[in-house]
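One structure is given here, and the rest of the page talks about it.
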Amino acid sequence: METDPKAETRGEQTRRLIVETAIRLFGEVGYEKTTMRAIASAAGLSVGNAYYYFPSKDSLVTEFYLQLQREHMARAEEIIAAGGGFSEQLTGVLMAGLDLWDPYHSFGGRFIGIAAVPGSPTSPFSEESAEARELSLRIFERLVADTSLKMDAEVREELPELLWLAQLGLVVYWVHDRSPGQQRTRTLIETAVPYLESLVGLSRMKVFRAMTVRGLALVKLLRPV
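As structure tokens, then:
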């Protein structure tokens, strides 16, 4: 994760140091075996200082997600601002996410496992993850708002959240992808996105209206309460 040290306060630099140290240790010895004391020691800080910024390991993971999401947001804004069709922009946004996550692929499954526990604060649906979730949704809201692709009005309203949910599924697939450089995931994006663009475009045709309504109703049922 790259940043400009001059643009950060000392507190922000300390927070980033703790998070980067924690992520490194999670990858080396595992989440369960990594203690806050070990994180503080490796970062050259006191245990009290580490707890001052982060009350738990879960809060470290949540901050890590947030840092990644901020970087993804910045890259996505550049992609969308550059113009292009819906398929081109969505492919670019999803590929940018893979580029950011790539260094953490070896232990990404552990984070998925932590987030999958019911009630986990690291879940993408949790209250603690609200800021990261909203940033991610904002990417897709911007993409849909800027696209010239014609679509059903209700689909346009729901599409940002549907794309966010699709990205979550993509991450799970990516975690399990053992192909070199996770090329299968990239091929999936390149193949699926143009197909999705066609489906979205067809949604405005009356003959597909009933199917569109049923599809949206089904997706709404999948949303966590």
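Numbering (numbering that gives the first Met the number 0), first residue to last: 0 to 224.
Yeah, the Cβ is synthetic: ideal placement off N, Cα and C, and Gly gets one too.
- Straight-line spacing of the CA atoms in Ile-113 and Val-206 works out to 44 Å.
- For Gly-200, the closest C-alpha among the options Arg-74, Pro-179, Arg-155 and Lys-219 is that of Arg-155.
- Separation of Glu-160 and Pro-193 (C-alpha to C-alpha, rounded to the nearest whole angstrom) is 18 Å.
- Contact check for Leu-169 and Leu-93: beta-carbon distance about 7 Å, within the 8 Å limit, so the pair qualifies.
- Under the three-state reduction of DSSP output, Val-116 falls in the coil class, being neither helix nor strand.
- The distance from the Cβ of Arg-74 to that of Leu-134 is about 12 Å, inconsistent with a contact at the 8 Å cut-off.
- Rounded to whole angstroms, the separation of the alpha carbons of Ser-128 and Leu-65 is 8 Å.
- Within the same chain, Pro-159 come within 8 Å of Glu-140 by CB-CB distance, once the 5 residues on both sides are set aside.
- Note that the C-beta distance between Asp-151 and Thr-211 is below 7 Å.
- For Val-143, the enclosing alpha helix (DSSP H) stretches over residues 129–145.
- In the three-state reduction of the DSSP assignment, Phe-53 falls in the coil class.
- C-alpha of Gly-84 to C-alpha of Leu-148: approximately 8 Å in a straight line.
- By the 16-neighbour rule on beta-carbons within 10 angstroms, Tyr-30 is buried.
- Taking 8 Å as the upper bound for CB-CB distance, Leu-142 and Gln-88 are in contact here, some 6 Å apart.
- When the five nearest sequence neighbours on each side are left out, the beta carbons in the same chain lying within less than 7 Å of the beta carbon of Ala-131 are those of Tyr-64, Leu-65 and Gln-68, in order along the chain.
- Between Trp-173 and Thr-186, the C-beta gap is not smaller than 7 Å, which leaves the two residues out of contact.
- Looking from the CA of Tyr-103, the closest CA among Pro-120, Gly-43, Ala-21 and Met-72 belongs to Ala-21.
- DSSP places Asp-151 in the coil class of the three-state scheme, outside both helix and strand.
- With respect to Ile-17, Thr-90 sits apart: the two C-beta atoms are not nearer than 7 Å.
- The beta carbon of Asp-176 sits closer than 6 Å to the beta carbons of Arg-183 and Thr-184 from its chain, once the five residues preceding and following it are set aside; these are given in chain order.
- Burial state of Gly-108 is exposed, judged by a 10 Å Cβ sphere holding fewer than 16 other Cβ atoms.
- Listed in chain order, the non-local C-beta contacts of Thr-33 below 6 Å within the same chain comprise Leu-24 and Phe-25, local neighbours out to five positions each way being set aside.
- One thing to note: Ala-37 has its Cβ no nearer than 7 Å to the Cβ of Val-46.
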